[in-house]
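Residue numbering for the sequence shown follows the numbering used here, starting at 3 and increasing by one per position.
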Amino acid sequence: MENLSIEKFNPLNLNEILEIERNAFEKKETFPKEYFLEVFKKWPEGFLVAKINKEIVGYAIGEKNENSGLIISVAVKKEWRRKGIGRKLIEKLLENFKKEGMKMIFLHVREENKEAINFYQALGFKIIELVDNYYSNGENAYLMERTLG
């Protein structure tokens with residue numbers, strides 16, 4: 003895709019990220035503003051944004067633990083979906099996890115979100131368990147994992 007760049011998040015763009023998240027997850031729960039900044043401070047390379055012609059069109063956030071990584075949130079503006087942007091964000095995030103020596107990457111996805119499940123499976127993630135009542139509204143989530151080679 004022309005003019006697509008994947009860059010490290012800049013805290014000055016937090017409101018744009020919050021807007022993308024609100025629109026992507028609609029009435030589902032979203033993270034508080036402070037949480038995004040806290041995650042960024044812990045590992046700046048784990049907070050990526052996708053830009054097209056300087057407009058932020060998506061983001062991906064990851065968190066590293068001792069030997070594994072966790073993908074916390076990924077969202078792309080509706081009008082930019084199905085154009086490979088989410089894939090590019092995840093690929094760069096996985097590359098950053100690998101540089102940090104992470105071997106296993108995990109994520110949670112809503113049980114009914116078939117589109118996201120298929121997306122992650124296409125990127126090599128596998129469902130390992132169903133987590134009951136994972137979300138605060140009582141919805142279940144699948145825990146998915148991928149090994150980094």
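Think of the CB as a built atom: it goes at the ideal place given N, C-alpha and C, for glycine as much as any other residue.
Counting C-beta pairs closer than 8 Å gives three or more between the segment 52-60 and the segment 80-99, which meets the contact rule. For K35, same chain residues with a beta-carbon under 8 Å away, outside a window of 5 residues either side, are L16 and L20 in chain order. The segment 133-140 and the segment 94-109 do not touch, with fewer than three beta-carbon pairs separated by less than 8 Å.
Nearest neighbour of K116 by Cα position, chosen from A143, M104, K100 and I87, turns out to be A143. If you look at Y61, you'll find it in the beta strand (DSSP E) that goes E57 to K66.
The beta carbons of K66 and F42 sit no closer together than 8 Å.
Taking a 10 Å sphere around the C-beta of Y37, we find fewer than 16 other C-beta atoms and assign the residue as exposed. Taking the CA atoms as reference points, K90 sits about 25 Å from E68. Counting only runs that start and end inside the segment 30-113, the beta strand (DSSP E) elements of at least 3 residues fall at 49-54, 57-66, 70-78 and 106-112. For F33 and A26, the gap between their C-alpha atoms comes out near 12 Å. L150 carries a coil assignment under DSSP once its states are collapsed to helix, strand and coil.
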